[in-house]
Amino acid sequence: QVQLQQWGAGLLKPSETLSLTCAVYGGSFSGYYWSWIRQHPGKGLEWIGYIYYSGSTYYNPSLKSRVTISVDTSKNQFSLKLSSVTAADTAVYYCARDRFRGPNPNAFDIWGQGTMVTVSS
Amino acid sequence: DIQMTQSPSTLSASVGDRVTITCRASQSISSWLAWYQQKPGKAPKLLIYKASSLESGVPSRFSGSGSGTEFTLTISSLQPDDFATYYCQQYNSLLTFGGGTKVEIK
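Chains as they are written, first to last, in my numbering: chain A, 1219 to 1339; chain B, 1136 to 1241.
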């Protein structure tokens, strides 16, 4: 049973960098796309970006200038960094795995538990 | 960027009703569409992928159809556990979610 466990700072000040990590347990890391998605309070889902197990990254154009997603295959982990946060980045952040191995991204079948990140001075 | 438009945004229905939610893409996405169910405080759950393929373990009352730019999610007989918010998602070009449809008790 594949599980994603995520963690990171839940309270940030404006201009700081958001940093979250997602660890993969009980399954292979290889061959999949791994994504970050966020959900503003009471709102819909917003895809942030994904990384292929090999390290190739793709980002939402609206966030691209501030986002970095990286992977550590030795630890079966991938991470999100979002720089220069503002109150508009307050949201629940989820990590997720694609339903099928690559070569193309597809639907998400496994999700992390979500991390509430609040940006406030 | 591909935009995904869901309708309606809110739907009031009763147990046993047939429910249909529509998702339109701003350009053709072939069949690269997924549907998710989300309940408050929980991560979304995959229901349908590739427009009409039912995810393992999902009840057969859920079905998806469509291709190109217009897609539907149908719940054939609404059950108490189905009151939730539903999202479509395209994965033809990067990824985009629809705005969501909240299914409420009538």
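All residues carry an ideal CB built from backbone N, CA and C; glycine is no exception.
Beta-bridge pairing by DSSP links A:ASP1290 to A:GLN1295. With its beta carbon at least 8 Å from every one in chain A, B:GLN1138 lies outside the interface.
Assigned with DSSP and collapsed to three states, B:ASP1136 falls in coil, not helix or strand. In this structure, the beta-carbon distance from B:ALA1160 to B:VAL1154 does not fall below 8 Å. When secondary structure is reduced to three states using DSSP, B:ALA1178 falls in the coil class, being assigned neither helix nor strand.
Of the residues assessed, B:GLN1172 falls on the buried side of the cut-off, its CB having 16 or more other CB atoms within 10 angstroms. By the C-beta density criterion, A:ILE1269 is buried, having at least 16 other C-beta atoms within 10 angstroms.
A buried status is given to A:SER1297, since no fewer than 16 other beta-carbon atoms sit within 10 Å of its beta-carbon. Take the alpha-carbon of A:SER1237 and the one of A:LYS1299: they are about 5 Å apart. Around B:GLN1162, no beta-carbon contact reaches into chain A at under 8 Å, the shortest distance being about 15 Å.
Inter-segment contact for the segment 1181 to 1199 of chain B and the segment 1316 to 1326 of chain A is present: three or more beta-carbon pairs are separated by less than 8 Å. The beta carbon of A:ARG1319 sits closer than 6 Å to those of GLY1249 and TYR1250, all from its chain and outside the five residues before and after it, given in chain order. Contact of B:TYR1221 with chain A is not assigned, every C-beta pair being separated by 8 Å or more. For A:GLY1262, the chain B residues whose Cβ falls inside 7 Å of its Cβ are TYR1222, PHE1232, GLY1234 and GLY1235, in order along the chain. Only ALA1169 and ALA1178 from the segment 1167 to 1178 of chain B bring a Cβ to less than 7 Å from some Cβ of chain A. Excluding sequence positions up to five before and after A:ARG1284, its CB lies within less than 7 Å of the CB of LEU1300, SER1301 and SER1302, all in the same chain and listed in chain order. In the three-state reduction of the DSSP assignment, B:ALA1219 falls in the coil class. The beta strand (DSSP E) runs lying completely inside the segment 1255 to 1285 of chain A and spanning 3 residues or more are 1263 to 1270 and 1275 to 1277, given in chain order. Rounded to the nearest angstrom, the gap between the Cα atoms of B:TYR1226 and B:MET1139 is 11 Å.
DSSP, read as helix, strand or coil, puts A:ALA1306 in helix. Listed along the chain, the chain A residues whose CB falls inside 7 Å of the CB of B:GLU1239 amount to none; the nearest CB is some 15 Å away.
Within the same chain, GLN1221 come within 6 Å of A:TYR1243 by CB-CB distance, once the 5 residues on both sides are set aside.
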